[in-house]
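Each residue of the sequence shown is one higher than the one before, starting from 65 at the first, in the numbering used here.
What follows is one structure encoded as structure tokens, with my remarks underneath.
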Amino acid sequence: MTPCILITGGAGYIGSHTAVTLMEAGHRVVIIDNLCNSSPRVLDRLRRLCGNSFEFVQADVRDGAALDAIFTQHPVNSVIHFAGLKAVGESMAQPLRYFDNNVGSTISLLQAMDRADVRRIVFSSSATVYGDPQQVPIPETAPLKATNPYGRTKLICEDMLRDLQCADPRWQVAILRYFNPVGAHPSGLIGEAPSGVPNNLMPYITQVAVGQRDYLSIFGNDYPTPDGTGVRDYIHVMDLARGHLAALDHLANEQQSITVNLGTGYGVSVKQLVDTFSRVAGRPIAHRHVARRSGDVAACYADTSLARTILGWQAEHDIARMCEDAWRWQSINPTGYAS
Ligand code: NAD
Ligand code: UDP
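As structure tokens, then:
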């Protein structure tokens, strides 16, 4: 039987784009998702893009029996673990829910993988593990310090994976630290569909552009950055998806665990992103300057040299392309998957 890749959280934003990229590269895919932050309509869209070349299991990753059944029924040889909760503010209000879901699901998954003799895993980490960075661009060797419960769940999972590699060298682990994923598949069929008020900048901009929100609040214009607004490393979700393919190839070919930043290496300010989006979409984005958001850092962007050297991967799409694809997705699907 042809081996396949298990994707946890594959109905979510990054997972669905990665699933398409893997299937387009000829891989067979099994998705497990409890749909706590995604819509079953994603699966119809994936079928439109890739046919029936994947299986979907609606289950919680903390359910060990459900995982055992997947490993018994499918010849899984690697896992990409996206499933998790990701809202920083929510994690501060409900820390136990975040530790239970994010750390609990990772423990459950690693135990099931061990039982099934599958020890190749790509883990979704985040630039949030660098806390308030002392230097930019940020290399992977920078000190790690989470500043909120969400970030701590990522650091705990990273630590668990490092301990596991030390204890048993059969484990092949790729920890990928994403910077700011934005954009959508060029078809406009899948994209980012946050429930409720978006926390992140790009979906907020696209919802203002489509008339669902009146204006964007720009948090802070007095940062020590060229135009005073916050600077981040926005990366096209299709480039990010390709990074997962490169990481899997690396693990299979080199059998060596890695921790790698996935970003473009370029910092872009809120103002630059808003201006580029307005130009690409051909409409102004109403906005107001308000106070800084608590916990935000001035600037955060990646040193991407390690990804280039060891994965032979680099981001290809620029900010204009990220805005173009995000806008196509939002304008075709004004209310996301409810459209
Ligand atoms: P998402 O919420 O769109 O996708 C996560 C998916 O996991 C959802 O479909 C959700 O239903 C599912 N899920 C959550 N807990 C589950 C559980 N216990 N069992 C089964 N399914 C479960 O989020 P995303 O933006 O695609 O992020 C994917 C991963 O990347 C997350 O781990 C996130 O922390 C990480 N990450 C995201 C960003 C970002 O800005 N989007 C940045 C850095 C890291
Ligand atoms: N931001 C903003 N208005 C919003 C959402 C975000 O001005 O409604 C700013 C935020 O202060 C930061 C940047 O946009 O400088 C990216 O924020 P996001 O939440 O998308 O990513 P993160 O801060 O987690 O890197």
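Backbone N, C-alpha and C define an ideal beta-carbon position, used for all residues, glycine too.
Fair warning: this is a prediction, and the values are worked out from it, not measured in the lab.
Do you know offhand how far residue i's Cα is from residue j's?
i	j	result
ALA83	GLU204	26 angstroms
LEU375	GLY215	25 angstroms
ALA345	TRP393	12 angstroms
GLN271	ASN165	29 angstroms
VAL140	ALA180	9 angstroms
ARG161	LYS218	14 angstroms
GLN320	GLN236	6 angstroms
ILE282	ARG184	41 angstroms
ARG306	TRP377	8 angstroms
VAL200	ARG241	15 angstroms
VAL121	ALA355	44 angstroms
GLY284	LEU337	15 angstroms
PRO207	ASP196	10 angstroms
GLN175	LYS150	23 angstroms
LEU131	ILE95	11 angstroms
PRO67	VAL261	40 angstroms
I need the DSSP call for residue i, collapsed to helix, strand or coil.
i	result
GLN158	coil
ILE95	strand
GLN137	helix
PRO213	helix
PRO245	strand
HIS81	helix
ASN317	helix
ASN264	coil
LEU117	Going by the sequence as given, residue 117 is Ser instead of Leu. Residue state, collapsed to three classes: coil.
ARG306	helix
THR340	helix
THR323	strand
ALA363	strand
GLN229	helix
SER369	helix
Looking at the ligand UDP, does it come within less than 7 angstroms of residue i, judged from the CB to the closest heavy atom?
i	result
VAL334	yes
SER21	Given a span of 65 to 403 for the chain in the structure shown, any question on residue 21 remains unanswerable.
ILE349	no
ARG352	no
LEU304	no
PHE341	no
GLY260	no
CYS387	no
ASN285	no
ARG216	no
Mind checking which residues open and close the beta strand (DSSP E) that includes residue i?
i	result
ALA238	236 to 242
ARG356	ARG356 -> no beta strand (DSSP E), and no H or E assigned at all.
ILE185	184 to 190
For the ligand NAD, I want to know if residue i counts as a neighbour, meaning its beta carbon is within less than 7 angstroms of at least one of the ligand's heavy atoms.
i	result
ILE185	no
PHE163	no
ALA147	yes
ILE220	no
GLY73	yes
ASN397	no
GLY76	yes
TYR242	yes
ILE96	yes
I think residue i touches residue j, with their Cβ atoms under 8 angstroms apart; what is that distance to the nearest whole Å?
i	j	result
ILE144	ILE71	5 angstroms
ALA379	ASP303	4 angstroms
VAL93	ILE69	6 angstroms
ILE202	CYS364	7 angstroms
VAL246	VAL301	7 angstroms
LEU309	ALA89	6 angstroms
ASP97	GLY115	About 19 angstroms separates the two Cβ atoms, so there is no contact after all.
SER103	ALA257	7 angstroms
Residue range of the alpha helix (DSSP H) that residue i falls in?
i	result
TYR330	TYR330 -> no alpha helix (DSSP H), and no H or E assigned at all.
CYS68	Element bounds for CYS68: not the alpha helix (DSSP H) but the beta strand (DSSP E), 68 to 72.
VAL106	105 to 114
THR293	Unbroken run through THR293: none, as it is neither H nor E.
ILE282	That residue, ILE282, is in no alpha helix (DSSP H); its beta strand (DSSP E) goes 280 to 283.
THR8	This structure cannot speak to residue 8, because the chain is shown only from 65 to 403.
ARG385	383 to 396
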